[in-house]
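Visitor: Once you've had a glance at the structure underneath, I'll fire off some questions.
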Amino acid sequence: MARELEVPAAVVENSEFDEILRVWIGSDAVVTMQDLFGPNAHNWGMVLADVGMHIAGMRLEQDGIPEIETLQALQEGYRGRMSEQFNIQHRSLTGRN
Numbered sequence: 000m001a002r003e004l005e006v007p008a009a010v011v012e013n014s015e016f017d018e019i020l021r022v023w024i025g026s027d028a029v030v031t032m033q034d035l036f037g038p039n040a041h042n043w044g045m046v047l048a049d050v051g052m053h054i055a056g057m058r059l060e061q062d063g064i065p066e067i068e069t070l071q072a073l074q075e076g077y078r079g080r081m082s083e084q085f086n087i088q089h090r091s092l093t094g095r096n
């Protein structure tokens with residue numbers, strides 16, 4: 000297995016793109032980030048949503064799993080991780096659904 004993903008041609012050919020996140024998964028996760036957004040966490044939420052949509056598209060393409068099924072599983076995983084890390088017992092971070 001390759002240890003580094005190939006940079007897409009569209010990124011290599013266009014200087015408007017900035018790399019903002021790299022994630023490595025092993026017995027733990029290692030993350031490096033470049034904060035282009037400052038205090039605006041809303042933009043990070045959009046990045047997470049974009050990553051989720053790409054994962055859903057990949058699962059559809061590779062395994063025929065409907066995108067909505069993958070997105071629901073991602074949401075469950077996200078809420079579960081937040082709950083275990085921050086002892087959040089309600090169904091969402093804001094208490095709203």
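Just so we're aligned, residue 0 is where the sequence shown starts under numbering that gives the first Met the number 0, counting upward by one. Each residue gets a CB set at the ideal place from its N, CA and C atoms; glycine is no exception.
Taking all protein chains shown into account, decide if T31 is buried (16 or more other Cβ within 10 angstroms of its Cβ) or exposed.
Guide: T31 should be labelled exposed.
Visitor: Within this structure, are the beta carbons of A48 and L70 separated by less than 7 Å?
Guide: Contact: no.
Visitor: Under a CB-based cut-off of 7 Å, is I64 close to chain B?
Guide: Among the protein chains of the structure shown there is no chain B, as only one such chain exists.
Visitor: What does the alpha-carbon distance come out to for the pair V10 and E18?
Guide: Taking the straight line joining both Cα atoms gives about 9 Å.
Visitor: Taking the DSSP output, what are the residues bridged to Q20?
Guide: In the sequence on display, residue 20 carries Leu and not Gln. DSSP, once it has assigned bridges, lists M32 as partnering L20.
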